[in-house]
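A.B. asks: I'd like to ask some things about the structure below.
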Amino acid sequence: VGYEFWGNAVVELADGQFHQTVAPRDCAVFALRELGPRPQLLSTSRHLMQGGVDVLEEGWTPARRLWLFESGSAGTLAGRSAVVGDDPYELRILGKSTQGPWKVLAATLSPEDAAAGATIAVKEEKDGLARIVIASPANREVRWSVELELAD
Numbered sequence: 047v048g049y050e051f052w053g054n055a056v057v058e059l060a061d062g063q064f065h066q067t068v069a070p071r072d073c074a075v076f077a078l079r080e081l082g083p084r085p086q087l088l089s090t091s092r093h094l095m096q097g098g099v100d101v102l103e104e105g106w107t108p109a110r111r112l113w114l115f116e117s118g119s120a121g122t123l124a125g126r127s128a129v130v131g132d133d134p135y136e137l138r139i140l141g142k143s144t145q146g147p148w149k150v151l152a153a154t155l156s157p158e159d160a161a162a163g164a165t166i167a168v169k170e171e172k173d174g175l176a177r178i179v180i181a182s183p184a185n186r187e188v189r190w191s192v193e194l195e196l197a198d
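Under the numbering used here, the residues of the sequence shown are numbered 47 to 198, in order.
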């Protein structure tokens with residue numbers, strides 16, 4: 047699966063390939079990821095490197111099941127990003143997976159970032175992509191986490 051930065055859209059691949067026509071004097075920048083069993087950060091809005099310069103840490107932690115009979119899958123995608131003050135920063139999280147679609151349960155920032163005035167919100171969850179927006183009044187590194195579960 048892919049994401050095209052300037053078009054701000056998911057790009058579907060067929061049989062691991064895609065074809066894109068780019069008009070003369072135009073530009074397209076793609077982030078490509080292998081579709082896996084869990085949600086993943088596909089792109090960010092800060093830079094055309096789509097996370098390459100601004101995502102400082104990222105990881106997935108599966109939720110622990112309390113009871114053996116619990117079904118479903120859940121977990122937390124968390125990381126640390128360098129954000130620019132007064133410039134909304136968007137995490138583009140792919141909810142499509144080889145297990146099926148995932149949905150966002152909650153998005154949070156560290157207590158230190160919230161105390162510094164940073165905010166986080168789920169802007170949109172559509173077509174297998176969740177857009178999580180972080181806003182900060184000043185340049186800073188923010189710690190974020192997004193809880194997700196496998197949709198029924």
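Virtual Cβ for every residue (Gly too), placed ideally from N, Cα, C.
Taking the CB atoms as reference points, tell me whether K149 and E195 lie closer together than 9 Å.
C.D. replies: Contact: yes.
A.B. asks: With a threshold of 16 other CB atoms inside 10 Å of the CB of P70, please say whether the residue is buried or exposed.
C.D. replies: Its Cβ having fewer than 16 others within 10 Å, P70 is exposed.
A.B. asks: Three Cβ pairs or more, each shorter than 8 Å: is that satisfied between the stretch 119-127 and the stretch 162-179?
C.D. replies: They do not touch, by the three-pair rule.
A.B. asks: Which residue comes first and which comes last in the beta strand (DSSP E) that contains P108?
C.D. replies: From DSSP, the beta strand (DSSP E) with P108 extends over 101-108.
A.B. asks: In the structure shown, what three-state DSSP assignment does E158 receive?
C.D. replies: The answer is helix: DSSP assigns E158 an H, G or I state.
A.B. asks: With burial defined as no fewer than 16 other Cβ atoms inside 10 Å of the residue's Cβ, what is the status of T90: buried or exposed?
C.D. replies: It counts as buried.
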